[in-house]
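Chains as they are written, first to last, in the working numbering: chain A, 55 to 393; chain B, 948 to 1272; chain C, 1023 to 1454.
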């Protein structure tokens, strides 16, 4: 899986992770400067999971995730400018300022969001898989969720449907140890991915700090889903350095030492960097360059966002109905809005 | 002209659309092998096979969310809710996802799903199975809500709903399923958002939808025969989009209006209608807008009491006379 | 240029933060990721992280201070770098342009509602209201009438004041308007004349008549006038002899033309001319200013059923006696027929009220705000008068001027009244 990667591809994956991290850091700074409102859930520390999984996508594979979605958005190839602009609530944002941090979408890259209600996206993911199978496409849908989502009813309903009907969906539990402020031990009975056994589904667990490992682990599940429509539940163990969201003072549920330990020993960017340096694909200079470019790109995106205009009152009622956005094709009559 | 039952008209609409568009899929509890809890989908499995007519387990949040996800890829699911009362277990999927995904993505996605099923009281099935959910659904921008009262309307509206590129919620009525009416065999469409004057009159406008239209028509006959009052009955057919103009034309003609709805009063559809009528036809009103709703309590079981709880011809007649004071 | 670190937004609902404790001091080296201070937000105590490398050059906020978001906390830069003293609160993120909510529209006052002391805008001064075909009654009892009936009444010119409604609670509805004669009203509400006299039956009951629109409006406005305007009164007795003689001459000569001048016509003309000569009376009090009107729009009181109204002769100072007479007649008739348009009974700057034909010798009228004065005219009376050293029979007419002391003082009022008297006693002057 990984041996087949060229040097450039490896550097590309490394760069993706660095870009995610610098984007996240820049957005944190922007949030504290009041440029971003509402919620901001940072992906810092989890980069190898999104990059690893999304790097395996074929043209008919799809991805959907919850609200910690910046990493997946960048991993499928979205540009930083529209992402930062979306965070700033500008009309040049990827959702025209209408979604915000939790709602990045890019159907053209088979990326279906960005969802705010815990577990709400999981039946949608099963649905994307259903649609692929219905249309006879050999693709799979990676449906990401957090360790907190596994206890939602909708998730179990989706598991059942996927297993019952052989839907090509991989349910990916990004287990960063904490469901907001509640640790896994305090929220979930039993092992997370093992619950799949109750539904007769395949399951697996891996560490999410080593990009190569994530890729090697995911690839067979994906292939089975594409070729045989067999679903699976996988748990990828990862870690987030920041609070649940930027407003979370995470000192109520974990010790600083724990975060420091991770950063020191298991940081996915550092891990992969070490690997690539050992493989002589990267050197110090290249690492510096990639980092500087990533920071600069993040700053540029902030400037772009700053300079962009906000949506106006006239934009409020657009993008609500397909019909009202396509008036020449409207077949219904009567009033759609009731101001 | 063929005469069909309301349920048969729905079935015909489904069959025609399944034939016309290979993306259309019917999903729901007991829709295939059981032939439908109310026999609406009877015979469709035999005709279209298990890929197009799909029995789901009892997991509304799961299969409605799933249908929604599939619709983002271009599948056009027509999902049956055995009772619209069950929407509450799938509320997040229906009214967070279906209603909002287009908006939150800045217009990149649309979800052409239809959710259909009966929403009504009057069958003594108790408070948790008797919800009429059109007001809650129509409250959400992004969705469309349709409530047909006759077999003819049901077929034409369901076909339009299935072809519509936005989420459409189609509310039927178990009591109406057996009602018969003339239904053309051909491929006709009724546009959403178009009301229908079911009875022409001069003294009073009754605005209604769903089964309450049928009850109002019965009351209108009594009003004519016993009181020589000529009642015009406007059937909204669609709640959202809403054809308020047909209603206003009628009000401008009769100057008196009674809203009849099988809805509990607070924030019922009638509340929105009353606001719009007084806002846009104020100077044409010769009296306050009258309203007859379901009596404001959870649906009672006891059969005769439930019959009194809902709008029925006697209650409508009395309300009409008061509205003409 | 040093980087200024501002109080950051650390939670979605935070508006102020307390800098609890500095973790670095001035002069310390700082790296990106270092914690600078502890900050208490509305939700928790968090750490302030540095996004910059450098030296902590200046601290602007003492430990323990609470500051709003965006306030400058410290500066980080190269050692020795110049640090600008922080300006007060850093610029906030621009809020998206939103439409300012429209100010709630002031309800359009009905014709009768001009306040006694109008705001310094060009408010149309309105004396008593007219029962215009479909007024919105602002005072007195609120009339119950359906929107449709109201509209129909306006279209048909039906006066709703006297209609008895057949709808619930006495509401006037469409059929009531359709049944009412156009331009007239039913007789409901006619005030009982005195008491029932000698009742035939053993029981005498009070008759309670609801106040009609017009009565209610008159009542309200007169109370306002009487209680808020400091009235004082000036009387003169005018020798009406010359006036009556000229009048008789003109009426005889122009009888064939159908001209019939009344005494009041002369008074109106004289008033207009007097206002022209003493413009200080042609004013309105506006709390902080006095508005001087350039033209004399003279109104006169006309008794109508259940009330009175004051049609206005505009630019009376420019009109001839004949023109004023014609106009007064026409306005008077229309007033009694209740066909006056609002423009015809609003905008007067001075009012004349004449009860002479009712046999009243003299009286004092109540000023119509926003006018500064009103003239009350009594009957012309034959009485003994002094001429030279002899007592002879003369014709005397008493004029009483009620004046708003805020605008017009005694001397000015007297000057006006003298001018008026002169014009009436030398009526040929009115023919110019």
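Using N, Cα and C, we set each Cβ at its ideal position, and we do this for glycine too.
In the displayed model, residue 1422 of chain C falls within a strand according to three-state DSSP. The criterion of a C-beta distance shorter than 9 Å is satisfied by residue 1098 of chain B and residue 1128 of chain B. DSSP, read as helix, strand or coil, puts residue 1405 of chain C in strand. Residue 1057 of chain B has a beta carbon lying within less than 9 Å of a beta carbon in chain A. DSSP places residue 1311 of chain C in the coil class of the three-state scheme, outside both helix and strand. Given a length threshold of 4 residues, each whole run of the alpha helix (DSSP H) inside the segment 279-332 of chain A is given here in chain order: 310-319, 322-332. Considered as a whole, the segment 1317-1361 of chain C harbours 1320-1322, 1324-1326, 1329-1331 as its complete beta strand (DSSP E) runs of no fewer than 3 residues, in chain order. Among the residues of the segment 1228-1248 of chain B, those with a Cβ less than 8 Å away from any Cβ of chain C are 1229, 1230, 1231, 1232, 1233, 1234, in the order of the chain. When 7 Å is used as the limit between beta carbons, residue 257 of chain A is near no residue of chain B, the shortest such separation being about 19 Å. It is roughly 50 Å from the alpha-carbon of residue 1246 of chain C to the alpha-carbon of residue 1211 of chain B.
Taken through DSSP and simplified to helix, strand or coil, residue 1101 of chain C comes out as coil. Taking C-alpha positions only, residue 1114 of chain B is separated from residue 1066 of chain B by approximately 17 Å. In the structure shown, residue 1368 of chain C falls within a coil segment according to DSSP collapsed to helix, strand and coil.
For residue 1090 of chain B, there is no enclosing alpha helix (DSSP H), as DSSP marks it with neither H nor E. Inclusion of residue 1137 of chain B and residue 1104 of chain B in the CB contact set at 9 Å is warranted, their separation being smaller than that value. By the neighbour-count criterion, in which 16 or more other beta carbons inside 10 Å mark a residue as buried, residue 131 of chain A falls on the exposed side.
With contacts defined by Cβ atoms closer than 9 Å, residue 1089 of chain B and residue 145 of chain A do not form a contacting pair. Among the CB atoms of chain A, none fall inside 9 Å of the CB of residue 1152 of chain B. The beta carbon of residue 362 of chain A sits no closer than 9 Å to any beta carbon of chain B. Spanning the alpha carbons of residue 178 of chain A and residue 275 of chain A requires a straight line of approximately 19 Å. Residues of chain C with a Cβ closer than 7 Å to the Cβ of residue 1202 of chain B are, in chain order, 1170, 1196. For residue 1197 of chain B, there is no enclosing beta strand (DSSP E); the enclosing alpha helix (DSSP H) has its first and last residue at 1191-1201. With respect to chain A, the C-beta atom of residue 1050 of chain B has a partner C-beta closer than 9 Å.
Against chain A, the CB of residue 1107 of chain B has a partner CB under 9 Å away; the residue lies at that interface.
Residues of the segment 1102-1136 of chain B with a C-beta atom less than 8 Å from some C-beta of chain A are 1107, 1110, 1111, 1112, 1113, 1136, listed in chain order. Listed by position along chain C, the residues whose Cβ is nearer than 7 Å to that of residue 1272 of chain B are 1189, 1190.
By the rule that beta-carbons nearer than 9 Å mark a contact, residue 389 of chain A touches chain B. For residue 999 of chain B, there is no enclosing beta strand (DSSP E), since its DSSP letter is neither H nor E. Listed along the chain, the chain A residues whose CB falls inside 8 Å of the CB of residue 1033 of chain C are 300, 301. Runs of the alpha helix (DSSP H) lying entirely within the segment 324-377 of chain A, each at least 4 residues long, are 338-361 in chain order. Secondary structure note for residue 257 of chain A: its beta strand (DSSP E) is the uninterrupted segment 256-261. A direct Cα-to-Cα measurement between residue 345 of chain A and residue 209 of chain A gives close to 38 Å. Residue contact with chain A for residue 1022 of chain B: present (Cβ-Cβ distance below 9 Å to some residue of chain A). The beta carbons of residue 957 of chain B and residue 1119 of chain B sit closer together than 9 Å. In the displayed model, residue 1059 of chain B falls within coil according to three-state DSSP, outside both helix and strand.
Residue pairing for residue 223 of chain A: DSSP places it in a beta bridge opposite A:195.
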